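Working notes, beginning with the structure itself.
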Amino acid sequence: YIVSGSGDSLDGDVIGNHGLSDYWIVKISSTGLLEWQKSLGGSKYDICYSIQQTNDGGYIVAGDSASINGDVTGNNGNNDYWIVKLTSTGSIAWQKSLGGSSYDLGRSIKQTTDGGYIVAGYSYSNDGDVTGNHGLIDYWIVKLNKAGIKVWDKTIAGNAADDLKSVSEAADGGYILGGSSES
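Position one of the sequence shown corresponds to residue 9 (our numbering), numbered consecutively onward.
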(Lines of atoms letter the chains of each structure in order from A and count residues from 1; the text may use other names and numbers.)
(Lines give C-alpha, C1' and ligand atoms only; values in the text may rest on other atoms or scores of the structure.)
Protein backbone atom coordinates (compact mmCIF):
# COMPACT_ATOMS: atom_id res chain seq x y z
CA TYR A 1 0.00 0.00 0.00
CA ILE A 2 1.02 3.60 -0.54
CA VAL A 3 -0.36 6.28 1.77
CA SER A 4 0.04 10.04 1.48
CA GLY A 5 -0.82 12.93 3.72
CA SER A 6 0.86 15.78 5.52
CA GLY A 7 2.49 16.08 8.88
CA ASP A 8 4.74 18.17 11.05
CA SER A 9 6.07 15.47 13.40
CA LEU A 10 9.77 15.05 14.06
CA ASP A 11 9.64 11.74 15.90
CA GLY A 12 8.14 8.24 15.84
CA ASP A 13 7.97 6.90 12.28
CA VAL A 14 8.53 10.36 10.75
CA ILE A 15 12.08 11.06 9.62
CA GLY A 16 13.38 14.11 7.81
CA ASN A 17 10.66 16.73 8.30
CA HIS A 18 11.78 20.02 6.70
CA GLY A 19 9.56 22.38 8.74
CA LEU A 20 5.95 23.36 9.47
CA SER A 21 4.19 20.65 7.41
CA ASP A 22 5.61 18.26 4.79
CA TYR A 23 4.16 15.75 2.38
CA TRP A 24 4.46 12.44 4.22
CA ILE A 25 4.54 9.36 1.99
CA VAL A 26 4.45 5.90 3.56
CA LYS A 27 4.94 2.55 1.76
CA ILE A 28 3.39 -0.34 3.66
CA SER A 29 3.77 -4.04 2.83
CA SER A 30 0.76 -6.30 2.26
CA THR A 31 1.18 -7.50 5.84
CA GLY A 32 1.16 -3.95 7.27
CA LEU A 33 4.89 -3.47 7.81
CA LEU A 34 6.49 -0.09 7.13
CA GLU A 35 8.76 -0.49 4.07
CA TRP A 36 9.79 3.15 3.75
CA GLN A 37 8.64 6.68 4.51
CA LYS A 38 9.56 10.05 3.05
CA SER A 39 9.00 13.60 4.27
CA LEU A 40 9.01 15.93 1.27
CA GLY A 41 8.91 19.72 1.28
CA GLY A 42 10.54 22.85 2.52
CA SER A 43 10.37 25.12 5.55
CA LYS A 44 6.77 26.32 4.97
CA TYR A 45 3.44 24.48 4.59
CA ASP A 46 3.44 21.60 2.08
CA ILE A 47 0.04 19.85 2.01
CA CYS A 48 -0.41 16.56 0.11
CA TYR A 49 -3.83 15.60 -1.31
CA SER A 50 -3.31 12.91 -3.94
CA ILE A 51 -1.05 9.98 -4.82
CA GLN A 52 -1.19 7.28 -7.48
CA GLN A 53 1.13 4.47 -8.48
CA THR A 54 2.48 5.04 -11.99
CA ASN A 55 3.01 2.57 -14.83
CA ASP A 56 6.75 2.38 -14.09
CA GLY A 57 6.16 1.26 -10.48
CA GLY A 58 6.87 4.70 -9.02
CA TYR A 59 4.38 7.23 -7.70
CA ILE A 60 2.97 10.62 -8.70
CA VAL A 61 2.03 12.96 -5.84
CA ALA A 62 0.13 16.27 -5.84
CA GLY A 63 -0.83 18.95 -3.38
CA ASP A 64 0.34 22.47 -2.70
CA SER A 65 3.41 24.13 -1.30
CA ALA A 66 4.33 27.57 0.00
CA SER A 67 8.00 26.58 0.35
CA ILE A 68 10.90 27.95 -1.69
CA ASN A 69 13.60 25.66 -0.29
CA GLY A 70 14.30 22.06 0.68
CA ASP A 71 12.86 19.73 -1.95
CA VAL A 72 10.74 22.53 -3.50
CA THR A 73 11.96 24.69 -6.38
CA GLY A 74 10.26 27.09 -8.77
CA ASN A 75 7.50 28.44 -6.50
CA ASN A 76 5.69 31.35 -8.22
CA GLY A 77 4.36 32.96 -5.02
CA ASN A 78 2.14 31.98 -2.09
CA ASN A 79 0.93 28.40 -2.58
CA ASP A 80 1.56 26.56 -5.86
CA TYR A 81 0.54 23.14 -7.08
CA TRP A 82 3.49 20.97 -6.13
CA ILE A 83 3.86 17.79 -8.19
CA VAL A 84 6.44 15.17 -7.22
CA LYS A 85 7.36 12.07 -9.24
CA LEU A 86 8.85 9.38 -7.01
CA THR A 87 10.68 6.19 -7.91
CA SER A 88 9.47 2.84 -6.55
CA THR A 89 11.77 3.33 -3.53
CA GLY A 90 10.56 6.87 -2.77
CA SER A 91 13.42 8.88 -4.26
CA ILE A 92 12.48 12.07 -6.09
CA ALA A 93 12.72 11.57 -9.87
CA TRP A 94 11.48 15.12 -10.54
CA GLN A 95 9.37 17.83 -8.93
CA LYS A 96 7.43 20.75 -10.38
CA SER A 97 5.82 23.89 -8.91
CA LEU A 98 2.89 25.24 -10.96
CA GLY A 99 0.92 28.40 -10.31
CA GLY A 100 0.92 32.15 -10.18
CA SER A 101 1.42 34.85 -7.57
CA SER A 102 -1.71 33.99 -5.56
CA TYR A 103 -3.04 30.71 -4.13
CA ASP A 104 -3.05 27.58 -6.32
CA LEU A 105 -4.00 24.31 -4.59
CA GLY A 106 -3.57 20.96 -6.36
CA ARG A 107 -6.16 18.43 -5.19
CA SER A 108 -6.03 15.45 -7.59
CA ILE A 109 -3.55 13.86 -10.00
CA LYS A 110 -3.85 10.89 -12.31
CA GLN A 111 -1.55 9.31 -14.85
CA THR A 112 -3.05 9.49 -18.35
CA THR A 113 -3.01 6.82 -21.07
CA ASP A 114 -0.27 8.72 -22.95
CA GLY A 115 2.05 8.36 -19.92
CA GLY A 116 1.62 11.98 -18.84
CA TYR A 117 -0.45 13.38 -16.00
CA ILE A 118 -3.62 15.40 -15.47
CA VAL A 119 -3.68 17.64 -12.37
CA ALA A 120 -6.77 19.33 -10.94
CA GLY A 121 -7.39 21.84 -8.19
CA TYR A 122 -8.17 25.50 -7.90
CA SER A 123 -6.46 28.80 -8.50
CA TYR A 124 -6.79 32.44 -7.42
CA SER A 125 -3.98 33.44 -9.82
CA ASN A 126 -4.12 35.07 -13.24
CA ASP A 127 -0.40 35.09 -13.98
CA GLY A 128 2.57 32.76 -14.02
CA ASP A 129 1.48 29.32 -15.26
CA VAL A 130 -2.26 30.13 -14.90
CA THR A 131 -4.20 31.49 -17.88
CA GLY A 132 -7.74 32.85 -18.07
CA ASN A 133 -8.87 33.28 -14.43
CA HIS A 134 -12.61 34.16 -14.31
CA GLY A 135 -12.99 35.57 -10.81
CA LEU A 136 -12.22 34.51 -7.29
CA ILE A 137 -11.39 30.80 -7.23
CA ASP A 138 -11.39 28.87 -10.52
CA TYR A 139 -11.16 25.21 -11.40
CA TRP A 140 -7.63 24.83 -12.79
CA ILE A 141 -6.68 21.79 -14.83
CA VAL A 142 -3.11 21.19 -16.03
CA LYS A 143 -1.89 18.53 -18.47
CA LEU A 144 1.73 17.47 -18.02
CA ASN A 145 3.83 15.18 -20.19
CA LYS A 146 5.66 12.22 -18.62
CA ALA A 147 8.64 14.46 -17.74
CA GLY A 148 6.44 16.95 -15.86
CA ILE A 149 6.47 19.65 -18.55
CA LYS A 150 3.22 21.61 -18.90
CA VAL A 151 1.41 20.78 -22.17
CA TRP A 152 -1.70 22.90 -21.53
CA ASP A 153 -3.84 24.39 -18.79
CA LYS A 154 -7.48 25.38 -18.54
CA THR A 155 -9.49 27.44 -16.08
CA ILE A 156 -13.23 26.82 -15.76
CA ALA A 157 -15.44 28.96 -13.55
CA GLY A 158 -17.85 31.79 -13.05
CA ASN A 159 -17.28 34.93 -11.00
CA ALA A 160 -17.40 33.35 -7.50
CA ALA A 161 -15.67 30.48 -5.70
CA ASP A 162 -15.34 27.27 -7.76
CA ASP A 163 -13.45 24.46 -6.01
CA LEU A 164 -12.26 21.50 -8.15
CA LYS A 165 -11.49 18.40 -6.07
CA SER A 166 -11.16 15.47 -8.47
CA VAL A 167 -10.21 14.55 -12.05
CA SER A 168 -10.20 11.31 -14.03
CA GLU A 169 -9.53 10.47 -17.65
CA ALA A 170 -12.71 9.47 -19.52
CA ALA A 171 -13.00 6.61 -22.03
CA ASP A 172 -13.30 9.10 -24.92
CA GLY A 173 -9.91 10.67 -24.08
CA GLY A 174 -11.37 13.70 -22.31
CA TYR A 175 -11.53 14.32 -18.58
CA ILE A 176 -14.29 14.23 -15.97
CA LEU A 177 -14.10 16.79 -13.19
CA GLY A 178 -15.78 16.93 -9.78
CA GLY A 179 -16.01 19.81 -7.36
CA SER A 180 -18.27 22.59 -6.17
CA SER A 181 -19.30 26.02 -7.44
CA GLU A 182 -20.75 29.16 -5.89
CA SER A 183 -20.92 30.92 -9.27
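The beta-carbon is built from N, C-alpha and C at its ideal position, and this holds for glycine as well. Just so you know, these numbers come straight off a predicted model, no measurement behind them.
Notebook entry, point to check: Rounded C-beta distance between residue 192 and residue 58? I'm assuming under 8 angstroms.
Noted result: As displayed, the chain neither begins before 9 nor continues past 191, which places residue 192 out of reach and without an answer.
Item checked: Whole-angstrom C-beta distance between residue 54 and residue 38, which should lie under 8 angstroms -> Not confirmed; about 29 angstroms, so no contact.
Check: Which of helix, strand or coil does DSSP assign to residue 111?
Finding: coil
Next item on the list: Report, in whole angstroms, the separation of the C-beta atoms of residue 80 and residue 103, which I expect to be a contact under 8 angstroms.
Entry: 7 angstroms
Next item on the list: Please confirm if the region 35-49 is in contact with the region 129-137, defined as three or more CB-CB distances below 8 angstroms between the two stretches.
Entry: no
Notebook entry, point to check: When the distance is taken between beta carbons, is residue 93 closer than 9 angstroms to residue 130?
Noted result: no
Checklist line | Inter-residue Cα distance where the pair is residue 85 and residue 162 | finding: 20 angstroms
Note to self: Could you check whether residue 169 and residue 191 sit closer than 9 angstroms to each other, using their CB atoms as the reference points?
What the structure shows: yes
Check: Does DSSP put residue 169 in a helix, in a strand, or in coil?
Finding: strand
Next item on the list: List the DSSP bridge partners of residue 10.
Entry: 35
Check: Hey, quick one: how far does the beta strand (DSSP E) through residue 52 stretch, first residue to last?
Finding: Residue 52 -> no beta strand (DSSP E), and no H or E assigned at all.
Notebook entry, point to check: Residues in its own chain within less than 8 angstroms of residue 10 by CB, not counting five upstream and five downstream?
Noted result: 33, 34, 35, 36, 59, 61 and 67
Check: Which residues mark the beginning and the end of the beta strand (DSSP E) in which residue 80 is found?
Finding: Premise fails: residue 80 is in no beta strand (DSSP E) and is neither H nor E.
Next item on the list: Return the Cβ separation of residue 114 and residue 78 in integer angstroms, given the expectation that the two are a contact with Cβ distance under 8 angstroms.
Entry: Their Cβ separation, rounded to whole angstroms, is 18 angstroms, which puts residue 114 and residue 78 out of contact at 8 angstroms.
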